[in-house]
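Student: Residue numbers (the working numbering): 1 to 314. Beta carbons are placed, not taken as given, at the ideal position from N, Cα and C, and that holds for glycine. Below you'll find the structure I mean.
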Amino acid sequence: MTMKEIAQSLGLSVATVSRAINNKPNVNPKTKKLIKEFAEKIMYTPNAAAQQLAKKENKTIGILVPTLSNPFFSELIDNVCKLLYDNNYQVIIYNSNNDFSIEKASIKEMVAARVNGAIIILAKSSYEENPLMAFEKLNIPSILLDREMYSYEGAGIYLDNEKGAYEITKNLIVKNCKNIGFLTGNLNLKTASDRFMGYKRALAEHNIPFKEENIFYGDFTIKSGLDSYKKFNLNEIDGIFASNNLMLIGFLKGQKNKNRNIHLACFDKISLLEILDYNITFCEFSFDNICNNVLKFLENNEKNQIYITPMVKG
Numbered sequence: 001m002t003m004k005e006i007a008q009s010l011g012l013s014v015a016t017v018s019r020a021i022n023n024k025p026n027v028n029p030k031t032k033k034l035i036k037e038f039a040e041k042i043m044y045t046p047n048a049a050a051q052q053l054a055k056k057e058n059k060t061i062g063i064l065v066p067t068l069s070n071p072f073f074s075e076l077i078d079n080v081c082k083l084l085y086d087n088n089y090q091v092i093i094y095n096s097n098n099d100f101s102i103e104k105a106s107i108k109e110m111v112a113a114r115v116n117g118a119i120i121i122l123a124k125s126s127y128e129e130n131p132l133m134a135f136e137k138l139n140i141p142s143i144l145l146d147r148e149m150y151s152y153e154g155a156g157i158y159l160d161n162e163k164g165a166y167e168i169t170k171n172l173i174v175k176n177c178k179n180i181g182f183l184t185g186n187l188n189l190k191t192a193s194d195r196f197m198g199y200k201r202a203l204a205e206h207n208i209p210f211k212e213e214n215i216f217y218g219d220f221t222i223k224s225g226l227d228s229y230k231k232f233n234l235n236e237i238d239g240i241f242a243s244n245n246l247m248l249i250g251f252l253k254g255q256k257n258k259n260r261n262i263h264l265a266c267f268d269k270i271s272l273l274e275i276l277d278y279n280i281t282f283c284e285f286s287f288d289n290i291c292n293n294v295l296k297f298l299e300n301n302e303k304n305q306i307y308i309t310p311m312v313k314g
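Here it is, written out as structure tokens:
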């Protein structure tokens, strides 16, 4: 709730509410007490940057990421920041470390700072309450980026994870892979479940039976990728599809060049492994396309959702 809305709720002028909240003189003590109690009840957060924002002297975008250790997120945010800087925005980056409590606190800090816009990559996909509601109440443009949230109809820019995983699996099948090991992230995350569905759809369309023993349930980390190596019998597996880059790195750490005949695939591109002469099938997409849409959504306060279709390479 804004100061203007507080004034309207109490039947007072904005000037009176402003003086009371900022402890200025010339306010009736009873009126001041009424305003303070109401502000506390609604958990009103004073806007320290209001004057700057009103004059458009300061345009700040808050960006919340689940981790910066993932090369995909690092490259994505780097590209987004470059475009924002080029358009005279300042950027504040928050890292939730995939921790919901940190995520919640970070969103609260963004609201308190009265950012001009928010770009959010969530730690999970299911929430009892919409975590972006605080921005919507203040009419602050907010965008979900990359990771979808169930039952969310606000602005979002996502990769088509199901389609990308389907095309990668089909690519492996064309290479004569019939026994493809799949490394999935936590299936409570819509990103992971969509990629899993794409993998299964490709198998079904090519009459290849789904085998539970070919699935490793991980959590999008290097450690879980390393653990996955111990699960598979590499004498039977002819292809490995890791649903993110960190899991493939972990798998290769376990493999240690023991079987370079296995076809490798990863949803995310890993530039370093190309340098090391690994032949990996991956999804490629335009960061420019994503970033330009982010800027357009922010500046126009758009509410629709778009899906970027990745191109399979390798």
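Can you tell me which of E284, N22, P29, K296 puts its alpha carbon nearest to the alpha carbon of L159?
Tutor: Nearest C-alpha to L159: E284.
Student: Could you tell me the boundaries of the alpha helix (DSSP H) in which L84 lies?
Tutor: 71 to 86 is the span of the alpha helix (DSSP H), which, as asked, contains L84.
Student: For N95, which residues of its own chain have a beta-carbon under 6 Å away from its beta-carbon, when the five flanking residues on both sides are left out?
Tutor: V65, L68, listed in sequence order.
Student: Given this structure, state the Cα-to-Cα distance separating N186 from D194, to the nearest angstrom.
Tutor: If you take the alpha carbons of N186 and D194, they lie about 11 Å apart.
Student: Is the Cβ-Cβ distance between V17 and E167 less than 8 Å?
Tutor: Contact flag unset, no.
Student: How do the region 85 to 95 and the region 132 to 144 stand: do at least 3 beta-carbon pairs fall below 8 Å, yes or no?
Tutor: Contact between the region 85 to 95 and the region 132 to 144 is absent, because fewer than three Cβ pairs lie under 8 Å.
Student: Thinking L132 and G154 are a contact (beta carbons under 8 Å), I'd like their distance in whole angstroms, please.
Tutor: Their Cβ separation, rounded to whole angstroms, is 6 Å, which keeps L132 and G154 in contact under 8 Å.
Student: Quick check on L12: does DSSP put it in helix, strand or coil?
Tutor: Three-state result, L12: coil.
Student: DSSP three-state label for L248, please.
Tutor: Helix.
Student: Does the beta carbon of P66 sit closer than 8 Å to a beta carbon anywhere in chain B?
Tutor: Considering every chain present, this structure includes no chain B. It has just one protein chain.
Student: Please say whether G250 and G198 have beta carbons closer to each other than 8 Å?
Tutor: Result no, Cβ atoms of G198 and G250 do not sit closer than 8 Å.
Student: Can you grab the Cα-Cα spacing for the pair Q8 / V115, in whole Å?
Tutor: Their backbone Cα atoms lie some 24 Å apart in a straight line.
Student: Whose C-alpha, out of I61, Y152, A242, G254, is nearest the C-alpha of N304?
Tutor: Closest option to N304, Cα to Cα, is Y152.
Student: Per DSSP, what kind of secondary structure is C379 in: helix, strand or coil?
Tutor: Here the chain covers residues 1 to 314 and nothing more, so residue 379 does not appear.
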